[in-house]
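Okay, structure first, notes after.
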Ligand code: SF4
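Residue numbers (the working numbering): 184 to 454.
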């Protein structure tokens, strides 16, 4: 967007609606001359009007002929000092109108990343105060470390499954549970809806430890779409361990009474 020039902050001086200053409103030529001086004659269209910005401060609006800026307009703000008839130009700027095409609101890069976006070698460290993580060591641990050689305590903790510096916070755990439950391995998918059984009763489901293990497990069926993924207990699929294909019953047809041919029973041995 072209830069503004001679920019000053223009605000109403009180809460009341500003009155349109007649002298500043009449200074269309001054505003146009400043605009042409700034951007060139070929980019300036007709004068669309003027609006009061504050006491003795008026913005003149002109159409723009800039290619690609349909719906945008030039705004030239002029002002005059009290008891002065001469106006000065405060600001020249290109602004979007109601039907202008504008870019969407900026989304920080960290909010754009989605699961699956990372490639080998990419780095995506958590933020400093990531609410999904909580410290795993208690407040008093530093004091304990001072008393006891930490190199002898923490390795022991690590051996029994403890010892990480950070773990999932309550927020992080709840967010993961909700995400998994609402996702493709929750209960509401077409696959789950038409499954002959639920994961909870499936022999292929590996249980997780609580608290997430009260609702989720891991599918370990190499033939299932969800092999290696976290599944909710009420998910399911056609590869359930107790799924059985029903064979169509082959009923015995009714006996036929043959009234056309004659059976030769002369060779039949009497019983
Ligand atoms: S095989 Fe199907 S029903 Fe069994 S655990 Fe995996 S997804 Fe669930």
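Note that the Cβ used here is the ideal one computed from N, Cα and C, for glycine as well.
- Item | CA nearest to the CA of residue 394, picked from 368, 306, 353, 422 | Start at 1 with the first residue of the chain shown, and residue 394 comes out as number 211. From the listed residues 368, 306, 353, 422, the smallest Cα separation to residue 394 is found for 353.
- Residue nearest to residue 315 in terms of C-alpha spacing, selected from 301, 358, 295, 282: Counting from 1 along the chain shown, the entry for residue 315 is found at position 132. By alpha-carbon distance to residue 315, the top candidate from 301, 358, 295, 282 is 358.
- Query: In terms of residues, what are the limits of the alpha helix (DSSP H) holding residue 207?
  - Reply: The residue given as residue 207 occupies position 24 in the chain shown. Looking at the DSSP string, the run of the alpha helix (DSSP H) that includes residue 207 is 205-208.
- Message: Quick check on residue 379: does DSSP put it in helix, strand or coil?
- Response: As a working mapping, residue 379 is identified with position 196 in the chain shown. It is coil, neither helix nor strand.
- Message: Please determine whether the Cβ atom of residue 424 lies at a distance below 7 Å from any heavy atom of the ligand SF4.
- Response: Counted from its first residue, the chain shown places residue 424 at position 241. Flag set: Cβ of residue 424 near the ligand SF4.
- Message: Helix, strand or coil for residue 318? Go by DSSP, reduced to three states.
- Response: For the purposes of this step, residue 318 is taken as residue 135 along the chain shown, with counting starting at 1. In the structure shown, residue 318 adopts extended strand secondary structure according to DSSP, grouped into three states.
- residue 273 burial status per 10 Å Cβ neighbour count (16 or more: buried): In the chain shown, the residue the question calls residue 273 occupies position 90. In this structure residue 273 is buried. Its beta-carbon is surrounded by 16 or more other beta-carbon atoms within 10 angstroms.
- Under the criterion of a Cβ to heavy atom distance below 7 Å, does residue 354 qualify as lining the ligand SF4? Locating residue 354 in the chain shown gives position 171, counting from the first residue. Result no, Cβ not under 7 Å from the ligand SF4.
- Query: Can residue 235 and residue 202 be called in contact, C-beta distance under 8 Å?
  - Reply: Working through the chain shown from its first residue, we reach residue 235 at position 52. Working through the chain shown from its first residue, we reach residue 202 at position 19. Cβ atoms of residue 235 and residue 202: closer than 8 Å.
- Item | Closest Cα partner of residue 284 within the set 307, 253, 347 | Taking the first residue of the chain shown as 1, we reach residue 284 at position 101. The shortest C-alpha separation from residue 284 is found at 253.
- Query: Should residue 389 go down as buried or exposed, given a rule of 16 or more other Cβ atoms within 10 Å for buried?
  - Reply: Position 206 of the chain shown, counting from 1, holds the residue named residue 389. So residue 389 counts as exposed.
- Query: How about the region 208-226 and the region 256-264: do they share at least three Cβ pairs that are nearer than 8 Å?
  - Reply: Contact between the region 208-226 and the region 256-264 is present: three or more C-beta pairs spanning the two stretches fall below 8 Å.
- For the ligand SF4, any of its heavy atoms closer than 7 Å to the Cβ of residue 459? Residue 459 is absent from the model: the chain starts at 184 and stops at 454.
- Using the C-alpha atoms, what's the distance from residue 247 back to residue 302? For the purposes of this step, residue 302 is identified with residue 119 of the chain shown, where counting begins at 1. For the purposes of this step, residue 247 is identified with residue 64 of the chain shown, where counting begins at 1. Taking the straight line joining both Cα atoms gives about 45 Å.
- Message: Using a 10 Å radius around the Cβ and a threshold of 16 neighbouring Cβ atoms, would you call residue 243 buried or exposed?
- Response: If you number the chain shown from 1, residue 243 lands on position 60. Burial call: buried.
- Task: Would you please state the rounded distance, in angstroms, between the beta carbons of residue 409 and residue 420? I believe it to be under 8 Å.
- Result: Position 226 of the chain shown holds residue 409. Position 237 of the chain shown holds residue 420. The pair is a contact, with the Cβ atoms about 7 Å apart (cut-off 8 Å).
- Is it true that the CB of residue 416 sits closer than 8 Å to the CB of residue 368? For the purposes of this step, residue 368 is taken as residue 185 along the chain shown, with counting starting at 1. For the purposes of this step, residue 416 is taken as residue 233 along the chain shown, with counting starting at 1. Not closer than 8 Å, so no.
- Message: At the level of alpha carbons, what is the spacing between residue 200 and residue 238?
- Response: As a position in the chain shown, residue 200 is number 17, starting the count at 1. As a position in the chain shown, residue 238 is number 55, starting the count at 1. Each residue's Cα considered, the two are about 9 Å apart.
- Item | Coil, strand or helix - residue 306 by DSSP | Along the chain shown, read from residue 1 onward, the residue named residue 306 stands at position 123. Residue 306: coil per DSSP, three-state reduction.
- By the 10 Å Cβ neighbour count, where 16 or more other Cβ atoms means buried, how is residue 322 classified, buried or exposed? The count along the chain shown starts at 1 and reaches residue 322 at position 139. Bear in mind that the predicted position of residue 322 carries a pLDDT of just 46, short of 50, making it unreliable; the figure below should be weighed with that in mind. Burial call: exposed.
- Query: Ordered along the chain, which non-local residues of its own chain (more than five positions away) have a Cβ less than 6 Å from that of residue 196?
  - Reply: On the chain shown, residue 196 is found 13 positions in, with the first residue counted as 1. Below a pLDDT of 50, predicted positions are generally treated as unreliable, and residue 196, at 48, falls in that range; the measurement from the model is reported next regardless. So the qualifying residues of the chain are 237, 238.
- residue 391 to residue 413 span [Cα, whole Å]: On the chain shown, residue 391 is found 208 positions in, with the first residue counted as 1. On the chain shown, residue 413 is found 230 positions in, with the first residue counted as 1. C-alpha separation (whole angstroms): 9 Å.
- State buried or exposed for residue 313, treating a residue as buried only when at least 16 other CB atoms are found within 10 Å of its CB. If you number the chain shown from 1, residue 313 lands on position 130. Exposed, since its Cβ has fewer than 16 Cβ neighbours within 10 Å.
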